[in-house]
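Below is one structure; the comments refer to it alone.
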Amino acid sequence: MLHVGTLLIDDIQDDTRMRRDTPAAHLVYGVPITINASLHIIMLTLEKLLVLQHPKVASVYCEGTLEIARGQGIEIYWRDNFKCPTEKQFEDMIKQKTGHMIAMGPRIMQLFSENNHDYTELVLLVALYFQIRDDYCNLMKNEEIEEWPKFNNGRNEQINKYNFCEDLTEGKFTLPIIHASKQPGGEAVLNILRQRTKDINLKQYCVSVLESLGSMEYTRERLH
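Following my numbering, the numbering of the sequence shown begins with 1 at its first residue and continues without gaps.
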């Protein structure tokens, strides 16, 4: 539930047009009601957790939710001020935004278990892998990370138009972009990212530059 609530806000913050195969909620219902629905889901999740009547469940939930918001805020700051982070800063942000989202479930379950083993490092590693792979697939093969339905060709073309390399349109700093920024010739990638272009041909060119600079290969190596 929390993940759904944060995605509603995330789509507004990123000006996302399509979520899977349907228009983003704020485009259908409007920004005000979507924000309200997001807050409702986030608080409804807390209400359901309080029913469990564990003295620490609220603090675990609040701590995780705050870290998610802080991580998201850092990423938005980089994007809106066009500040390219270091790879270490990027990884720390992922651990906040994605890591705490994934970690919250196991942490809450452990409150009701005799298993006190610390799985923090494992969870953060999973989060790092998931986010880097998600960002990689956004530039290369969306179908590998999302369960895209099969439509007729016209419908598929519409989905590709709005979702192809969407991170470039959002101006998002991902691992391939960060790597490219340090390479000779990387200024071409940054110039395209700065434009937040919707031009598919320009985005295809950007991906080809990322490949030629070794940034996509570097990302693949990190995933392995």
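Ideal placement from N, C-alpha and C gives every residue a C-beta, glycine not left out.
In its own chain, which residues sit with a C-beta less than 7 Å from the C-beta of R17, not counting the 5 before and 5 after it?
Hits under 7 Å: P23, A24, L27, Y162.
Please report the Cβ distance between H100 and I132, rounded to the nearest whole angstrom; I am assuming they are in contact, meaning their Cβ atoms lie under 8 Å.
Their Cβ separation, rounded to whole angstroms, is 17 Å, which puts H100 and I132 out of contact at 8 Å.
Can you tell which of L168, Y77, N36 has the C-alpha that lies nearest to the C-alpha of D226?
Shown here, the chain extends from 1 to 224; a query on residue 226 therefore has no answer.
Spatial neighbours of L227 within its chain, please: CB distance less than 8 Å, with the 5 preceding and 5 following residues excluded, ordered by chain position.
Not covered by the structure: residue 227. The range shown for the chain is 1 to 224.
Are the beta-carbon atoms of H54 and L2 separated by less than 8 Å?
The answer is no: Cβ separation not under 8 Å.
What does T169 pair with, by DSSP beta-bridge criteria?
None; T169 has no bridge partner.
For M43, does the three-state DSSP call read helix, strand or coil?
Correct three-state label for M43: helix.
Of all Cβ atoms in chain D, is any one closer than 8 Å to the Cβ of M93?
Protein chain content of the structure displayed is limited to a single chain, and chain D is not contained in it.
By the 10 Å Cβ neighbour count, where 16 or more other Cβ atoms means buried, how is D11 classified, buried or exposed?
Flag for D11 reads buried.
Mark Q204 as exposed unless 16 or more other C-beta atoms lie within 10 angstroms of its C-beta, in which case mark it buried.
By the neighbour-count rule (16 or more Cβ atoms within 10 Å), Q204 is not buried but exposed.
Run through DSSP, which three-state label would M140 get?
It is coil, neither helix nor strand.
Using the three-state DSSP reduction, which class does M109 fall into: helix, strand or coil?
In the structure shown, M109 sits in a helix (DSSP, three-state: H, G or I).
Would G73 pass as a contact of I41 if the rule is Cβ separation under 8 Å?
No; because the gap between Cβ atoms is not below 8 Å, this pair is not in contact.
Which one of R107, D14, D21, L193 has the shortest CA to CA distance from T65?
Minimum Cα distance to T65 is reached at R107.
Report back the beta-carbon spacing between I46 and A58 to the nearest angstrom; my notes put them in contact at under 8 Å.
In the sequence under discussion, the amino acid at residue 46 is Leu, which differs from the Ile named in the question. That pair is a contact at about 7 Å.
Identify the residues that DSSP records as bridge partners of P23: which are they?
P23 pairs with M18.
Have a look at D92, L193, T98, L124 and flag the residue whose alpha-carbon is nearest the alpha-carbon of D80.
Among D92, L193, T98, L124, the Cα nearest to that of D80 is on L193.
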